[in-house]
Amino acid sequence: MQVQMQREDIIPILRIQTTVLKEMVNFMIDRGFIQLLPVITSKVTDPLGPDPGSSVVAIPRIRYYDEELVLTQSMIFHKQLAVARGLERIFIMSPNVRLEDKRRRNTGKHLFEFTQMDFEIAGAEMKDIFSLVEDLIIHIIKTVKSENKEELEELGREIRVPQKPFPVYTTHELEERYGKDWEINASADHREPFWAVCFKREFYDREDPENPGHFRNYDLIYPEGFGEALSGGEREWRYERITERIRRDGLDERFFSPYLEVARQGILIPSAGAGIGVERLIRFLSGKKHVGDVQLFRRVPGEPILF
Ligand code: ASP
Ligand code: MG
1 MQVQMQREDI IPILRIQTTV LKEMVNFMID RGFIQLLPVI TSKVTDPLGP DPGSSVVAIP
61 RIRYYDEELV LTQSMIFHKQ LAVARGLERI FIMSPNVRLE DKRRRNTGKH LFEFTQMDFE
121 IAGAEMKDIF SLVEDLIIHI IKTVKSENKE ELEELGREIR VPQKPFPVYT THELEERYGK
181 DWEINASADH REPFWAVCFK REFYDREDPE NPGHFRNYDL IYPEGFGEAL SGGEREWRYE
241 RITERIRRDG LDERFFSPYL EVARQGILIP SAGAGIGVER LIRFLSGKKH VGDVQLFRRV
301 PGEPILF
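At position 252 of the sequence shown the residue is numbered 252 (the numbering used here), and the sequence of numbers has no breaks.
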């Protein structure tokens, strides 16, 4: 049996990861965020769709006495409730289980269990998130370059420090230029990270009030073919709009009932946030082919699980 821990480059990779985790947490705390602990079992979780980027084959469910619980696919609803309850800026190092289609085995960027640094800010807009994330990415790259010089050399990886602000394109522009599956080609065509805005996806992302059919959401895309880094959006908070969009998406309203009840009581507020995949960031920084290559215990869809 090939044991994961014998791979020689896992040690420099995990040293880089250690720097990244420390810097991520410190950066967010310095910016005034409160760190929450992750929630792993819930009554309701992110439907992850309809998102062209998602391929989950089932929501992970567990039965606990009389409770039907799900494992966290993302903490989006918990984030919205937390900021609505007066926690203005929050982040969580959040483990997510997403049972992706096994045909995603070789995309290089899919895992069925991963961690994201998930954050949310009350009253924020897209531009606030862009500025914060750009500062975070630049800070992390600079710190890794100085604190992990040896590890980067060992891995043969050179990384450029990007300039703020990162370019912003609409998904429509990207599709026109690179075709329907623009992500990989657009990523390969760039030397620096860039933003893609306006995805038709989950009901909790806000539709542009001035431009119906357009959405105030975004992905950050790494350069050099590494693809998606982060997804997020400004949020919908109004009960009528939420239910309308759940229906439009053909989702089962009963599943979302605890969340809908909160929305119906008018508790939700405008906010914006995002989640940045930790393993994808480590893969980008260490220049590995597959995101599973940076995991000590690989969780790649369609691969046998050794431990
Ligand atoms: N965490 C993301 C968000 O804030 C959603 C996701 O996990 O894909 O929108
Ligand atoms: Mg995404």
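Glycine included, C-beta positions come from ideal geometry on N, C-alpha and C.
Spanning the alpha carbons of Y204 and E154 requires a straight line of approximately 43 Å. Selection G250, E147, R216 and I121 evaluated against R85 yields I121 as nearest (Cα-Cα). Counting other Cβ atoms within 10 Å of its Cβ, V161 stays below 16 and is therefore classed as exposed.
In this chain, W237 is not harboured by any alpha helix (DSSP H), its DSSP state being neither H nor E. Shortest Cα-Cα distance from D135 to any of E23, R298, F256 and P12 involves E23. For S231, the distance from the CB to the nearest heavy atom of ligand 2 is below 7 Å.
For S94, the enclosing beta strand (DSSP E) covers residues R89 to V97. The closest heavy atom of ligand 1 lies 7 Å or more from the beta carbon of A82.
The way I'd put it, the region 25-40 doesn't touch the region 236-243; fewer than three beta-carbon pairs between them come closer than 8 Å.
Contact check between the region 265-278 and the region 70-84: three or more CB pairs, one atom from each, fall below 8 Å, which counts as touching.
C-alpha of F194 to C-alpha of F166: approximately 5 Å in a straight line. In the three-state reduction of the DSSP assignment, I269 falls in the coil class. If you draw a straight line from the Cα of G156 to the Cα of P60, it comes to about 38 Å. At a Cβ-Cβ threshold of 8 Å, V133 and L220 count as neighbours. The distance from the Cβ of Y222 to that of G232 is about 15 Å, inconsistent with a contact at the 8 Å cut-off. Contact between the region 111-121 and the region 278-291 is present, with at least three C-beta pairs closer than 8 Å. For the pair L306 and G275, the CB atoms are not nearer than the 8 Å cut-off. Judged by beta-carbon spacing, L69 lies within the 8 Å limit of T41, meaning their Cβ atoms are closer than that value.
Every beta strand (DSSP E) stretch that sits fully inside the region 109-182 and reaches 3 residues is listed by chain position as 113-122 and 168-170. About 6 Å separates the beta carbon of M126 from that of A272, a gap short enough to meet the 8 Å contact definition.
Separation of the CB atoms of R89 and I34 is rounded to 7 Å, and the pair is thereby assigned contact status at 8 Å. With respect to R206, E253 sits apart: the two C-beta atoms are not nearer than 8 Å. Residue nearest to S94 within the set F77, Y259 and G287 is F77 (criterion: CA-CA distance). In this structure, the beta-carbon distance from D101 to Q73 does not fall below 8 Å. By alpha-carbon distance to P212, the top candidate from G225, C198 and E224 is C198. Apart from the 5 residues on each side of it in sequence, V57 sits with its Cβ closer than 6 Å to the Cβ of L99 and D101 in its chain, given in chain order.
Burial of H110 is indicated by the presence of at least 16 other C-beta atoms within 10 angstroms of its C-beta. Assignment of Y218 by DSSP, reduced to helix, strand and coil, places it in the strand class. A274 has its CB nearer than 7 Å to a heavy atom of ligand 1. Taking C-beta atoms as the reference points, G49 and E202 count as a pair closer than 8 Å. Relative to ligand 2, the nearest heavy atom lies less than 7 Å away from the CB of E228. Within the same chain, Cβ atoms closer than 6 Å to the Cβ of P258 are found at K43 and V44, the five residues on either side in sequence being excluded.
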